[in-house]
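K.L.:
Numbered according to our numbering, the sequence shown spans residues 692 to 1004.
Ideal Cβ placement from N, Cα and C applies to all residues, glycine included.
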Amino acid sequence: MSLHRLLGFRAAVADPAALDSYYAELGLRGDATAGYSGSDGGATVQVDEAPFRRLVALDIGAHAERDIDAAQTRLEAGGATVTRTAESVSVTDPASRVHITVRVAEPEAAPPAGSTQLVTPNSPGATVRTNERAPAVFGAPRPPRRLGHLVIGTPDLATTRDLLVDGIGVKVSDEVDGIIHFLRCSTDHHNIGLVHSPVPILQHYSWECDDIDHVGHTATALYRADPDRHAWGLGRHFAGSNFYWYLRDPSGAFLELYSDLDHIDDDDAWEQHGRTPLALEHIANAWGPNLPTEFVVPSDLDALAAGWARLDS
Ligand SMILES: [Fe+2]
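#1: With distance defined between alpha-carbon atoms, name the residue in PHE700, ALA1000, VAL736 and ALA705 nearest to TYR714.
#2: State buried or exposed for HIS973, treating a residue as buried only when at least 16 other CB atoms are found within 10 Å of its CB.
#3: Quick check: does the Cβ of VAL906 come within less than 7 Å of any heavy atom belonging to ligand 1?
#4: Which partner residues of ASP991 appear in the DSSP bridge assignment?
#5: For SER712 and GLY729, I'd like the C-alpha separation in whole angstroms.
#6: Nearer than 7 Å: is that true of the beta carbon of GLY926 relative to any heavy atom of ligand 1?
#7: Does DSSP classify VAL867 as helix, strand or coil?
#8: Just checking, does the region 894–912 make contact with the region 940–958 on the three C-beta pairs under 8 Å criterion?
#9: Going by C-alpha to C-alpha distance, which of ARG824, ALA960, ARG701 and ASP958 sits closest to ALA723?
#10: Does the distance from the CB of HIS695 to the CB of SER864 come in under 8 Å?
#11: Once DSSP output is grouped into helix, strand and coil, what is the label at GLN808?
#12: Take VAL890 as the anchor and find which of GLU866, ASP904, PRO989 and THR764 has the nearest alpha-carbon.
#13: Please list the terminal residues of the continuous beta strand (DSSP E) segment that includes GLU899.
#14: GLY884: beta carbon under 7 Å from a heavy atom of ligand 1?
#15: Would you mind sorting ILE870 into buried or exposed? The rule is 16 or more other CB atoms within 10 Å of its CB.
#16: Which runs of the beta strand (DSSP E) at least 3 residues long sit entirely within the region 712–754? Give them in chain order.
Structure representation (C-alpha cells):
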C-alpha cells in the first residue's frame, strides 16, 4: 500500500483552552500547536481557534515521492486542482471543505515492548484465575495509546468518498452507498470514516486503548467527572469489530475510545471472508445501545449552519 498511516488532523474550535483541559484530563500528550497524541505517540490532533467548530485538515503518510506522484496523477485525472511540493500533494474536498494532504512520512513506530499486557479472562470451562479478583477491577484510567481514526460528516458523501478513494488512494473496507463509508490508509480497518451531515463537521475521532477494560476505566473517569459527557456506549461495532464508548468533547464533537479493531493486510483475504457488504442492520453496532439521534443530526446544527453561512458570505 503506497499510503501507510494516518498522520493526524487539524480541527478548529471556539474554545481551544477548554479542549486543552479536557485532553489533559484524558492524559494526552502535547499541545494545540504541536498536536495532541496518545501514550504511544503517532498521529496527532492539532487545534485552531475559530468562531465555530470544523475539521480543517487531514494528513496521510505515504512511503515515497513516487506515491505522491501517483496521488497527484489520480487527483488531476479526476479534475482536482492540487498543490504540490517536493514531498506532498494537497487538495481541498469541495464537499467536506477539508484540506487533505498526502506527504512522505516514516512508518509509525512500534509500541514499546511489553507495553501491552492482556489478561485472559475466566470463561465457562476455561478457568484461568482462581481464588483472586480479576486484575481489571483494580485498573485505573490511563491515556489512550494512539489516535486511530476520524469520521468526517459531509453534505455530499459521493464527492468526498470518490476524492479520497479514486484520488488520494485510500482503500475501502466496508461501505453502504449513501449512508456510511469505512476507509483505510493503513492496516487498521478504518482510519477515515464518512457519514452524511447537513453541514461539514468533524463527526467523531477515536483513540485506541489496550482492551475493553482500558476503554471502560478511562471513559468512566471522564463521565463521572461530568455525566453530560457520556454520549453512546458501551457497545461493539460490526464494521471494524471494535468495542466503543463515545464521549462529548467541549467543542461539540464526539470522542471515541475503542479497542479490538479489525486489521487488514491482505485485501483479497478480507473480501473473501465476506465482511462486505456491510449490512444495514449492522451500521450502528453488533450490540449496544441504539444510535443516538445526535449522531445523525448534530445538536448544534443551527449554530454550525450559521457559521458556514457567515464564512461563505
Ligand atoms: Fe469510530
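P.N.:
Working from what's here:
#1: VAL736
#2: Classification of HIS973: exposed, given that the 10 Å Cβ count is below 16.
#3: No, Cβ of VAL906 sits at least 7 Å from all heavy atoms of ligand 1.
#4: In the DSSP output, where bridge partners are listed per residue, ASP991 has none listed.
#5: Approximately 15 Å between the Cα atoms of the pair.
#6: no
#7: strand
#8: yes
#9: ARG701
#10: no
#11: coil
#12: PRO989
#13: 892–899
#14: Flag set: Cβ of GLY884 near ligand 1.
#15: Exposed, by the Cβ-count rule.
#16: 720–722, 726–729, 732–740 and 745–753
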